[in-house]
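To start, the structure itself, in structure tokens.
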Amino acid sequence: MTTTTERDTHTAGDADTGRARSTQSTRRTGRAAGRGLAAHQEREAGAPGVTREAYRDRLMELLPDDPRLMCLDTDTGLFGPRHTEAAGERYVNLGIAEHNLMGIAAGLASLGRMPFVNTMAGFASARALEAVKVDIAYPELPVRIMATHGGLAAGHLGPTHQALEDLTVMRALPTMTVVVPADAAATAGVVEQSRDLPGPMYVRLGRKATPAVPCDEPAVIGRAQLLRPGTDVVLVGCGPHPVTACTEAAELLAARGVSACVLNMHTLRPLDTETLLGASADASLVVTVEEHWRSGGLGGAVCEALAETRPTRVLRIGMPDRFSDTAGSQQYLLDRYGITAERTAATVMEALEGPAAGRAPAGT
Amino acid sequence: MTTTLPRARRTTDLDALRERATRIREHVADMCAGPEGGHLGGAYSATEIMTALYFDVMNVYPDRPDAPERDRFVLSKGHAAVGLYATLAERGYFPVGELDTYARPGSRLLGHPVRAVEGVEAATGSLGHGLALGCGFALGTRLEGRDSRTFVLMGDGELQEGSVWEAAIGAASLGLDRLVAVVDRNSLQLTGPTDGIAAMEPLADRWRSFGWAVREFDGHDLGELTEALGSAPWEPGRPSVVIARTTKGHGLPFLEGRPACHYVTFSERNLAKARAVLRRSGEGVRSTEEDRTTGKEDEK
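Which chain is which? The protein sequence lines are A and B, in order.
What the first sequence shows, in numbering that gives the first Met the number 0, is residues 0 to 363, in sequence order.
What the second sequence shows, in numbering that gives the first Met the number 0, is residues 0 to 299, in sequence order.
See below:
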């Protein structure tokens, strides 16, 4: 089921360091991104892209003409001189100091700026959480927390660098908009749209190339994308790998005579309850798929919305309730912990026909 | 980088400032006689600092609290909110009478500063946040090309938060010389002497080693405060910090320097006594033995 993944496209080079990378795919997506519009068109045509690079490139394109925009970095290696040369003092590398990052961003936002802050998702959500709560969310300041290495994206580095609680905690903060773009083109769109949204925003990004998500409509913050109509079950995904897993699972289910609707729920807060209820009106089952602990994130949000309105059985696919104990690429870990198309399809078949109908893959 | 020279010093009427400080302390005492009491000790140690800033040093416009050219003040030790509210009311940001609502149901005067109150620049009180906020203000005003200054008041116990030192590094690295920090060095935190809990000394050297220009003096001396704060930045390209040696609860001999003054709930009787003591000491009269022993039952 794996189509284009980091395992396929990246065999060497670590983007964390910001040093030159050498793989075929990175040359294509990374350099193309630097060309701006052409790169976005390339992505829209279906090429894989790196969400964090799409964010970087779009922000640097928009920044010179929008004096509100600033970019505050924490030595992430995402931005080099060739990206920031036009930004001048509006790009600042503050060093490895996430709490300070959030405080300075809040101060700047109080003065009418719109800071985009970069750090890894695990640190933005856990280490700096109190500053996010008190300095940014409470006064409703328009800080954009651009959290890279979301989910298992830094999987091989272990649980310290995996961010599997970030959606729970950010979704818990009043005033916070929480978005997980499913691909690079959507990420560029989120950067643009965020300029018109008041209040703070948390945007979870990845680390390496992921496939383009085919959809006729652009991703609009706050509005779920209907990727595939269906009547029997609704598959709800958020983030690049889970959304791909949902679309591929829908194909597997179609082959077994099950009609699956697929939603890309890229915005967790505010949740597009209307689209969710509409899509699941006649369905007997909703399955959520996320690169996150099974509690509190997408699955939690969907359960809350349905339980309050029209209780429907919801099964949640996500990281099981234990810290990862193995090295391996993001795709390896997704496979190991069952955040896959096969597991999603099997979960649906088990629910519809009983355990004999489907078998979960090993290791889950 | 901003290296504007300090403005010409105004002639400061220190007696008028002292009278103002006494009135601020009286307001705080009144608030601490309300239903919830209040953080009297830390407000009193910082009274002269806030008085100097709001009545002599800072360019502020109470009728236009959001004037973009204003100087900014961040009360990082947000539990001293009663002192900030009293100062803002005295300065004319809102009616003094509103102080009577402090901590009462429906009041916007919460136990820690909130932005809903005119003149409050940031919601603070979770400790260790204010200096980073101040860095953001200072960086933002520099980008605007203004010579506005940002003042951040921190408690010395607050320096135990690591985030303070993240911000200290950041301010020096960014060369934020329009940023002025004041450490209210009252040497006492909730449960005891600060240095007995986590060593702070050599405090001036610590700041110096982080790249700050440092001055140290009596934080109840309005003459020194107005001169030092008014003349910052002292070194171009460096943020400035005053280590202001103060006494927690300063102004009420029966409470000052004692851990119990951290949070006080006055009875009506002891409020009257406190006000009488403040009046006398505010006018330069030595405190009496009775002043030093009154009010023990009010401590908590």
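Here a beta-carbon is modelled for each residue, glycine too, at the ideal position from N, C-alpha and C.
Taking all protein chains shown into account, do 16 or more other C-beta atoms lie within 10 angstroms of the C-beta of residue i, making it buried, or fewer, making it exposed?
i, result
"P63/A", "exposed"
"S106/B", "exposed"
"P104/B", "exposed"
"T346/A", "buried"
"R57/A", "buried"
"A96/A", "buried"
"P238/B", "buried"
"E352/A", "exposed"
"N58/B", "exposed"
"T312/A", "It should be noted that the sequence gives Arg, not Thr, for residue 312/A. Classification for R312/A: exposed."
"F322/A", "exposed"
"A80/B", "buried"
"T245/B", "buried"
"P141/A", "buried"
"L13/B", "exposed"
"R194/A", "exposed"
"A115/B", "exposed"
"M348/A", "buried"
"S266/B", "exposed"
"S208/B", "exposed"
I need the DSSP call for residue i, collapsed to helix, strand or coil.
i, result
"V131/A", "helix"
"H78/B", "helix"
"C214/A", "coil"
"E220/A", "It should be pointed out that residue 220/A corresponds to Ile in this sequence rather than to Glu. Correct three-state label for I220/A: coil."
"D204/B", "helix"
"V113/B", "coil"
"Y262/B", "coil"
"F122/A", "helix"
"P197/A", "coil"
"A122/B", "coil"
"F322/A", "coil"
"G41/B", "helix"
"G317/A", "strand"
"R274/B", "helix"
"R227/A", "strand"
"T10/B", "coil"
"P47/A", "coil"
"R268/B", "helix"
"V202/A", "strand"
Where do the ends of the alpha helix (DSSP H) carrying residue i lie?
i, result
"I103/A", "E97 to S109"
"M49/B", "T46 to A51"
"T209/A", "Taken as a continuous stretch (DSSP letters only), T209/A belongs to no alpha helix (DSSP H), as it is neither H nor E."
"C31/B", "L13 to C31"
"T343/A", "A340 to E352"
"L130/B", "G129 to L142"
"V163/B", "G161 to S172"
"D334/A", "Q329 to R335"
Which residue comes first and which comes last in the beta strand (DSSP E) that contains residue i?
i, result
"D217/B", "A212 to D217"
"F93/B", "Careful: F93/B lies outside any beta strand (DSSP E) and carries neither H nor E."
"I196/B", "Here I196/B belongs to no beta strand (DSSP E); instead the alpha helix (DSSP H) covers T193 to I196."
"G154/B", "T149 to G154"
"V181/B", "L178 to R184"
"L234/A", "V232 to C237"
Just to check my reading of the structure: residue i and residue j have Cβ atoms closer than 8 angstroms, yes? What is that Cβ distance to the nearest angstrom?
i, j, result
"L251/A", "A344/A", "4 angstroms"
"Y101/B", "Y84/B", "7 angstroms"
"A365/A", "G48/A", "Beyond the ends of chain A as shown, which are 0 and 363, falls residue 365/A; an answer cannot be given."
"L276/A", "T287/A", "About 15 angstroms; that fails the 8 angstroms criterion."
"R315/A", "R293/A", "5 angstroms"
"L178/B", "T149/B", "5 angstroms"
"V240/B", "W211/B", "5 angstroms"
"L332/A", "L151/A", "5 angstroms"
"C302/A", "A278/A", "Actually they are not in contact, since the Cβ atoms of C302/A and A278/A sit about 15 angstroms apart, beyond 8 angstroms."
Beta carbon of residue i: closer than 7 angstroms to some heavy atom of the ligand FMN?
i, result
"L276/A", "In terms of ligand content, the structure shown is empty, and the ligand FMN therefore cannot be addressed."
*Which runs of the alpha helix (DSSP H) fall wholly inside the stretch 244-296 of chain A and span at least 4 residues, in chain order?*
You should have 272-278.
_Residues from the stretch 127-148 of chain B in contact with chain D, defined by Cβ distance under 9 angstroms_ = Annotation note: the requested chain D is absent from the structure, which comprises protein chains A and B.
*asked:* Ignoring anything shorter than 4 residues, give me the alpha helix (DSSP H) runs that lie fully in the stretch 139-183 of chain A, in order along the chain.
replied: Taking only runs of at least 4 residues, the alpha helix (DSSP H) segments lying wholly in the stretch 139-183 of chain A are 165-170.
*Which runs of the beta strand (DSSP E) spanning at least 3 residues fall entirely within the stretch 210-259 of chain B, listed in chain order?*
212-217 and 239-244
*Hey, which unbroken runs of the alpha helix (DSSP H) at 4 residues or more fall wholly within the stretch 52-95 of chain A?*
80-83
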